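First up is the structure itself, then whatever we jot down about it.
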Amino acid sequence: CVLSFAEVESLGLNMELVCGEWRLFFLFLVLVNPIELVSFSQPSDSEFTFVLLPGREECFYQHAENNSSMELEYQVIGGAGLDVDFTVFSPVGEILVKESRKSDGVHMIEPTIIGDYKICFDNSFSTISEKLVFFEVIFDDAEEDWSEIVEPEELLDIKIDDIKESIGNMNTKLTKSVQIQAILRAFEARDRNLQESNLGRVNFWSAVNLGVMLVVSIVQVYMVKHLFDDRRKIQT
Numbered sequence: 001c002v003l004s005f006a007e008v009e010s011l012g013l014n015m016e017l018v019c020g021e022w023r024l025f026f027l028f029l030v031l032v033n034p035i036e037l038v039s040f041s042q043p044s045d046s047e048f049t050f051v052l053l054p055g056r057e058e059c060f061y062q063h064a065e066n067n068s069s070m071e072l073e074y075q076v077i078g079g080a081g082l083d084v085d086f087t088v089f090s091p092v093g094e095i096l097v098k099e100s101r102k103s104d105g106v107h108m109i110e111p112t113i114i115g116d117y118k119i120c121f122d123n124s125f126s127t128i129s130e131k132l133v134f135f136e137v138i139f140d141d142a143e144e145d146w147s148e149i150v151e152p153e154e155l156l157d158i159k160i161d162d163i164k165e166s167i168g169n170m171n172t173k174l175t176k177s178v179q180i181q182a183i184l185r186a187f188e189a190r191d192r193n194l195q196e197s198n199l200g201r202v203n204f205w206s207a208v209n210l211g212v213m214l215v216v217s218i219v220q221v222y223m224v225k226h227l228f229d230d231r232r233k234i235q236t
């Protein structure tokens, strides 16, 4: 309890009553907070980039509702080989998508069923190389219901149907633009990682060739000099 016994007595309160109220308050927080968190966990478009360690498998769970459309797109943007195993399981455990040693892919699941879909990336075939993986989940739900919007007056020249169509087209195009930009960023990251990796290899082998050339030059100078050495003993 937060208050001491002397403080409670000075206030003329009952110690058991005060402590009991605090216990009820904390119990209320513990029981209410999880309910509030669960109530806001609605499926929405999301993107994620993570590092997949060698010899490991990482799985993610995505909740979906009935009669929706879910698009899955992934790209390996870093790591040797730029490949990974990709598997998608339905909420009932059925394998919907299974790919082996792929660098990217796009898959559409429709119609979806209510539950948690399992999305797995496997790098167990690699023993030393980690992979940088980007994936995106896009939901294409039904169009928003505008039936409750009040109809305009007859004197208005613009119809509510025209406004709804314009807003819907604009929302669709903006959403598609955001998705395309995310994909282009993933391609850019993959190309940059590939160029940096190639630059590292070029610098390494250039240093190796330079070292070999220096060693060969030293050996040739020594051998040529050794050929002209006069080892005969001069008698006097």
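Residues in the sequence shown are numbered consecutively from 1, following the UniProt record's numbering.
No residue lacks a Cβ here, since even glycine has one placed at the ideal position from N, Cα and C.
Values in this document were obtained by computation on a predicted structure and should not be read as measured data.
For SER46, which residues does DSSP report across the bridge? Start at 1 with the first residue of the sequence shown, and residue 46 comes out as number 46. VAL137, per the DSSP bridge assignment.
Whole runs of the beta strand (DSSP E) within the UniProt domain "GOLD" (57 to 139), excluding any shorter than 3 residues: Segments of the beta strand (DSSP E) lying fully in the UniProt domain "GOLD" (57 to 139): 57 to 64, 70 to 78, 84 to 89, 95 to 102, 104 to 109, 115 to 122 and 131 to 139.
Pairwise C-alpha distance: SER68 and LYS164: Counting from one through the sequence shown, the residue named residue 164 turns up at place 164. Counting from one through the sequence shown, the residue named residue 68 turns up at place 68. Taking the straight line from one Cα to the other gives about 22 Å.
Does DSSP classify LEU53 as helix, strand or coil? Here residue 53 refers to the residue found at position 53 when the sequence shown is read from its first residue. Reduced to three states, the DSSP call for LEU53 is coil.
For GLU57 and CYS120, which I take to be in contact (beta-carbon distance under 8 Å), what is that distance rounded to the nearest angstrom? As a working mapping, residue 57 is identified with position 57 in the sequence shown. As a working mapping, residue 120 is identified with position 120 in the sequence shown. Their Cβ separation, rounded to whole angstroms, is 6 Å, which keeps GLU57 and CYS120 in contact under 8 Å.
Answer yes if the region 111 to 120 comes into contact with the region 62 to 78, meaning at least three C-beta pairs across the two stretches below 8 Å, and no otherwise. yes
Nearest-angstrom Cα distance between ASP229 and VAL208? Along the sequence shown, one-based indexing puts residue 229 at 229. Along the sequence shown, one-based indexing puts residue 208 at 208. C-alpha separation (whole angstroms): 32 Å.
Beta-carbon gap between MET70 and GLU130 smaller than 9 Å: Residue numbering aside, residue 70 sits at position 70 when the sequence shown is read from its first letter. Residue numbering aside, residue 130 sits at position 130 when the sequence shown is read from its first letter. In this structure, GLU130 does not lie closer than 9 Å to MET70 by Cβ.
From ASP83 to SER177, what does the alpha carbon distance come to, in whole angstroms? The residue given as residue 83 occupies position 83 in the sequence shown. The residue given as residue 177 occupies position 177 in the sequence shown. Roughly 27 Å between the two C-alpha positions.
Relative to the C-alpha of LEU96, which candidate in GLY81, ASP191 and THR112 has its C-alpha closest? Looking up residue 96 in the sequence shown gives position 96. Ranking GLY81, ASP191 and THR112 by Cα distance to LEU96 puts THR112 first.
Straight-line Cα distance separating LEU214 from residue 266: The structure shown has nothing for residue 266, since the chain only spans 1 to 236.
Leaving out the 5 sequence neighbours to the left and right, which residues in its chain are closer than 6 Å to GLY115 when beta-carbon positions are compared? Here residue 115 refers to the residue found at position 115 of the sequence shown. Once the five neighbours on either side are set aside, the close Cβ partners of GLY115 are PRO91.
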